[in-house]
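Novice: The sequence shown begins at 1 in UniProt numbering and counts up one residue at a time.
Idealized CB from N, CA, C, for every residue including glycine.
Encoded as structure tokens, here's the structure I'll be asking about.
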Amino acid sequence: MRALFVATSATHLAPDHPTGLWLEEFSVPYLAAVDAGIEVTVASPRGGAVPLDPKTEPNDTQRHTWAAALQALQHSVTLASVQGETFDALFIPGGHGPMVDLATDDTLHALVARHDAAGRVIAAVCHGPAALVHALRADGHPFFSGRSATGFTNAEEFLAGLKDVVPFLLEDEMKASGADFHSALLPMLSHVEQDGHVITGQNPQSSEAVAKALVAALGVR
1 MRALFVATSA
11 THLAPDHPTG
21 LWLEEFSVPY
31 LAAVDAGIEV
41 TVASPRGGAV
51 PLDPKTEPND
61 TQRHTWAAAL
71 QALQHSVTLA
81 SVQGETFDAL
91 FIPGGHGPMV
101 DLATDDTLHA
111 LVARHDAAGR
121 VIAAVCHGPA
131 ALVHALRADG
141 HPFFSGRSAT
151 GFTNAEEFLA
161 GLKDVVPFLL
171 EDEMKASGAD
181 FHSALLPMLS
191 HVEQDGHVIT
201 GQNPQSSEAV
211 AKALVAALGV
221 R
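Here it is as structure tokens:
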């Protein structure tokens, strides 16, 4: 089994708002996939070291526990270099970075359309679904149209203090693209939606549940 983990290359949400990848949302699913025997390729628009959101810099314990994931983030390949390859799953972790670059990345969107048409697993967590809101299915319909899905909510963006900084509100954008949007009863609680081969998680607290759903969807333990 092979999975492509697609990370952001964006370093700033706005000039005075640094951003990047939210480490937990990558590390927990990465380690779960590797532990299950899945071969993981890490890609990003620019390749090389993936920028971390300053708020998610690991502490000493996390540096030890997530060492393999941190190492993998130092050497991502470019999305262009894998655009012709086929994977059993695509996974997109969040942080606000995907709103800046992956949301409009044509190379990623072509990969998504091809893998979606083949019924291969496509998963994203927190702001990761931002990479899919402008993606299209092979038939030209929006990726999320008619699909149950979740992502970082408007309320959570307000609590994060970035409601007026982000380029768009993810919940609103997902609904506008036709998603049947669901979320936990309270902000920052774990929530996962699975609609066929499409898996989405609401927030960082959903990382473990998304990881388990991803591994299960690939039929490995």
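Can you tell me the Cβ-Cβ gap for Pro51 and Thr11, rounded? I've got them flagged as a contact below 8 Å.
Specialist: As a working mapping, residue 51 is identified with position 51 in the sequence shown. As a working mapping, residue 11 is identified with position 11 in the sequence shown. Their Cβ separation, rounded to whole angstroms, is 5 Å, which keeps Pro51 and Thr11 in contact under 8 Å.
Novice: Based on the DSSP output, what are the partners of Ser44 in its beta bridges?
Specialist: Numbered from 1 along the sequence shown, position 44 holds the residue referred to as residue 44. In DSSP, Ser44 forms a bridge with Thr78.
Novice: DSSP state of Pro18, grouped into three classes?
Specialist: Here residue 18 refers to the residue found at position 18 when the sequence shown is read from its first residue. Three-state result, Pro18: strand.
Novice: Can you find the residues in the same chain that come closer than 7 Å, C-beta to C-beta, to Val210, ignoring five residues on each side of it along the sequence?
Specialist: Within the sequence shown, the letter at position 210 stands for residue 210. Result list for Val210: Pro29, Ala123, Val125, Val192, Ile199, Gly201, in chain order.
Novice: Run the proximity test for Phe5: is its beta-carbon closer than 7 Å to any non-hydrogen atom belonging to the ligand PLP?
Specialist: Inclusion of the ligand PLP in the displayed structure is not the case, the ligand content being empty and no account of it being possible.
Novice: Considering only the beta carbon of each residue, do Val166 and Met1 sit closer than 8 Å?
Specialist: By 1-based counting over the sequence shown, the position of residue 166 is 166. By 1-based counting over the sequence shown, the position of residue 1 is 1. Cβ atoms of Val166 and Met1: not closer than 8 Å.
Novice: Alpha carbon to alpha carbon, what distance is there between Val133 and Asp139?
Specialist: Here residue 139 is taken as the residue at index 139 of the sequence shown, counted from 1. Here residue 133 is taken as the residue at index 133 of the sequence shown, counted from 1. Each residue's alpha carbon lies about 15 Å from the other.
Novice: I'd like the list of long-range same chain contacts for Glu156, defined as Cβ closer than 7 Å, with 5 residues on each side in sequence excluded.
Specialist: Locating residue 156 in the sequence shown gives position 156, where the first residue counts as 1. The answer, listed in chain order, is Pro187, Met188, Asn203.
Novice: Is Glu208 helix, strand or coil when you go by DSSP?
Specialist: Sequence index remark: in the sequence shown, residue 208 carries index 208 (1-based). Glu208: helix per DSSP, three-state reduction.
Novice: How would you write the range of the beta strand (DSSP E) that Gln194 sits in, first residue to last?
Specialist: Translated into the one-based positions of the sequence shown, residue 194 becomes position 194. Element bounds for Gln194: 192–195.
Novice: Find the nearest neighbour of Leu73 within the set Glu24, Leu136, Asp172, judged by alpha-carbon distance.
Specialist: The sequence position of residue 73 within the sequence shown is 73, counting from 1. Nearest option by C-alpha distance: Glu24.
Novice: Whose CA, out of His141, Gly97, Thr86, lies closest to the CA of Ala14?
Specialist: Residue numbering aside, residue 14 sits at position 14 when the sequence shown is read from its first letter. When only C-alpha atoms are compared, the closest one is Gly97.
Novice: Comparing C-alpha positions only, which one of His197, Phe181, Leu170, Gln71 sits nearest to Ala113?
Specialist: The count along the sequence shown starts at 1 and reaches residue 113 at position 113. Of the candidates His197, Phe181, Leu170, Gln71, the one whose C-alpha sits nearest the C-alpha of Ala113 is His197.
Novice: Among residues of its own chain, excluding the 5 on either side of Thr65, which ones have a beta-carbon nearer than 6 Å to its beta-carbon?
Specialist: Here residue 65 corresponds to residue number 65 of the sequence shown, with the count starting at 1. For Thr65, where only same-chain residues beyond five positions count, there are no Cβ hits under 6 Å.
Novice: Quick check on the DSSP output: the beta strand (DSSP E) that includes Ala3 runs from which residue to which?
Specialist: Start at 1 with the first residue of the sequence shown, and residue 3 comes out as number 3. 2–6 is the extent of the beta strand (DSSP E) around Ala3.
Novice: Buried or exposed for Arg63, going by 16 or more other Cβ atoms inside 10 Å?
Specialist: As a working note, residue 63 is residue 63 in the sequence shown. Per the 10 Å Cβ criterion, exposed.
Novice: Could you name the residues of the same chain whose beta carbon sits closer than 6 Å to that of Pro142, not counting the 5 residues immediately before and after it, in chain order?
Specialist: Position 142 of the sequence shown, counting from 1, holds the residue named residue 142. Correct list, in chain order: Ser177, Gly178.
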